[in-house]
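Numbering (our numbering), first residue to last: 27 to 233.
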């Protein structure tokens with residue numbers, strides 16, 4: 027029960043001790059960022075499994091990107107990780123990603139274990155935000171997570187945002203770019219995707 031700090035006013039603050047760790051999606055600068063919908067789980071209007079997965083639009087886009095990558099990528103050079111691949115940057119920062127592409131010369135077999143990867147991906151791809159925006163605005167979260175990934179060693183971070191139908195591309199070598207997602211995007215090594223065109227081709231109302 028959350029105590030009221032005054033007549034007619036109920037606090038929305040929740041002690042971190044009351045929140046199961048399974049509801050933590052990421053940790054940035056020591057601050058836990060909770061999964062979207064975690065308050066409904068705490069209020070018992072949803073179950074944990076109700077908020078753990080992607081929307082059908084999100085997994086439709088992820089499947090499209092993975093199919094392109096697995097068909098075109100050189101598997102002798104790269105490892106493709108998905109399913110909220112975890113990254114341990116340091117003791118105050120644990121991130122997860124929708125799709126991460128690792129260089130096999132960097133993520134060598136001796137670094138494959140039962141923990142989050144402490145090796146940086148070459149390319150990180152994100153589809154939407156999976157956290158409750160309490161500590162950050164949407165732009166603030168995208169900015170700080172992108173900076174963390176680039177500082178960790180990623181060469182490129184790509185965001186696909188279904189609400190605004192935008193794609194954002196960030197690298198360490200050039201200005202970050204944001205544009206409509208009906209645009210050819212190079213993932214790496216000449217491998218390209220076009221999320222907007224793909225959705226339109228399939229007859230999606232979200233194209």
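Think of the CB as a built atom: it goes at the ideal place given N, C-alpha and C, for glycine as much as any other residue.
Coarse secondary structure for residue 123, derived from DSSP in three states:
strand
Name the residue from 142, 74, 197, 147 whose alpha carbon lies nearest to the alpha carbon of residue 169.
197
Excluding the 5 residues preceding and the 5 following residue 98 in the sequence, name in chain order all residues of the same chain whose CB lies nearer than 6 Å to its CB.
217
Classify residue 133 as helix, strand or coil using the three-state DSSP reduction.
coil
Grouping DSSP H, G and I as helix and E and B as strand, with all else coil, what is residue 44?
helix
According to DSSP, what are the bridge partners of residue 143?
113
Below 8 Å, can you find three or more Cβ-Cβ pairs linking the segment 109-125 to the segment 42-61?
yes
DSSP beta-bridge partners for residue 203?
195
Distance, Cα to Cα, residue 211 vs residue 108?
19 Å
Let me check understanding here. Comparing Cα to Cα, which of 70, 85, 150 lies closest to residue 188?
85
To the nearest angstrom, report how far apart residue 68 and residue 74 are at their CA atoms.
9 Å
So, under 8 Å CB-CB, residue 214 and residue 149 are touching, yes? Tell me the CB distance rounded to an integer number of Å.
5 Å
Just to confirm, are residue 195 and residue 151 a CB contact at a threshold of 8 Å?
no
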